[in-house]
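**Q** Before I ask anything, let me first share the structure, which is written out below as structure tokens.
Numbering (the numbering used here), first residue to last: 17 to 211.
Okay, here's the thing in structure tokens:
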């Protein structure tokens, strides 16, 4: 008989499957687009680590009667397409990388949350599993964050479109035009207010 999870854990582990798969797809795509930058190596290490997490997660959650494939991981694939395939095309390199760091922050926060819930139930196996992965991914998160900050050393390269394709250039141009219009509007509003 399978052990029981609290309902918040049940949902949380399904989120972990989905967001882990999303990170793998998104970070893989972004690493390819940032080839030649230190950030690409950090992203690739993150992809490898999260793939290992997914591999370990399956047998752990199966002992509780919870399975994360195909539905939960399929959701992650769709999220990755929406984020990386659509959103990143309009972004600068620095913007895309800074937002990618948030993917890992979401995973580490979720793992810490799940460890806390498991601790409250006295489930040492899940406390250890989640805590170990939270610490490992936190180190990768720190390296990715550092790489994002380092892009500021070359501001001209940092503001280049992350997607150099024709579609990427059009999307980036549209985002730039919207930003420019917003700045113009804000200046006019401030001038009218006497600021």
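Built from N, CA and C at the ideal position, the CB exists for glycine as well.
#1: CA-CA distance, residue 153 and residue 51?
#2: Please classify residue 51: does DSSP put it in a helix, a strand, or coil?
#3: According to DSSP, simplified to helix, strand and coil, what is residue 157?
#4: Inspect the beta-carbon positions of residue 60 and residue 45 and report whether they are closer than 9 Å.
#5: Using the Cα positions of residue 155 and residue 121, report the straight-line distance between them to the nearest angstrom.
#6: Taking the C-alpha atoms as reference points, what is the distance between residue 159 and residue 209?
#7: Throw me the rounded Cβ distance for the residue 113 and residue 55 pair, which I believe falls under 8 Å.
#8: Where does residue 134 land, buried or exposed, given buried means 16+ other C-beta within 10 angstroms?
#9: For residue 146, which residues from the same chain have a beta carbon less than 8 Å from its beta carbon, with the 5 sequence-adjacent residues on both sides left out?
#10: Tell me whether the beta-carbon of residue 163 lies closer than 9 Å to the beta-carbon of residue 57.
#11: At the level of alpha carbons, what is the spacing between residue 67 and residue 53?
#12: Let me know the secondary structure DSSP gives residue 60 once reduced to three states.
#13: Which residues does DSSP list as the beta-bridge partners of residue 177?
#14: Roughly how many whole angstroms lie between the Cα atoms of residue 92 and residue 207?
**A** The short version:
#1: Translated into the one-based positions of the chain shown, residue 153 becomes position 137. Translated into the one-based positions of the chain shown, residue 51 becomes position 35. For residue 153 and residue 51, the gap between their C-alpha atoms comes out near 22 Å.
#2: One-based indexing of the chain shown puts residue 51 at position 35. Note: residue 51 maps to coil in three-state DSSP.
#3: By one-based count along the chain shown, residue 157 stands at place 141. Residue state, collapsed to three classes: helix.
#4: Translated into positions along the chain shown, residue 60 becomes position 44. Translated into positions along the chain shown, residue 45 becomes position 29. No, the pair does not count as a contact, with Cβ atoms beyond the cut-off.
#5: The sequence position of residue 155 within the chain shown is 139, counting from 1. The sequence position of residue 121 within the chain shown is 105, counting from 1. Approximately 11 Å between the Cα atoms of the pair.
#6: Locating residue 159 in the chain shown gives position 143, counting from the first residue. Locating residue 209 in the chain shown gives position 193, counting from the first residue. Looking at the two C-alpha atoms, the distance is approximately 44 Å.
#7: Position 97 of the chain shown holds residue 113. Position 39 of the chain shown holds residue 55. Indeed, because the Cβ distance is near 5 Å, the residues count as touching under 8 Å.
#8: Indexing the chain shown from 1 puts residue 134 at position 118. Buried.
#9: Position 130 of the chain shown, counted from the first residue, corresponds to residue 146. Same-chain partners within the cutoff: 127, 128, 130, 131, 134.
#10: Counting from one through the chain shown, the residue named residue 163 turns up at place 147. Counting from one through the chain shown, the residue named residue 57 turns up at place 41. For residue 163 and residue 57, yes; Cβs fall inside 9 Å.
#11: Here residue 67 corresponds to residue number 51 of the chain shown, with the count starting at 1. Here residue 53 corresponds to residue number 37 of the chain shown, with the count starting at 1. Their backbone Cα atoms lie some 22 Å apart in a straight line.
#12: Taking the first residue of the chain shown as position 1, residue 60 is located at position 44. Residue 60: helix per DSSP, three-state reduction.
#13: Your numbering for residue 177 matches position 161 in the chain shown. Note: residue 177 sits in a beta bridge opposite 108.
#14: Here residue 92 refers to the residue found at position 76 of the chain shown. Here residue 207 refers to the residue found at position 191 of the chain shown. Bear in mind that the predicted position of residue 92 carries a pLDDT of just 49, short of 50, making it too unreliable to give a figure here.
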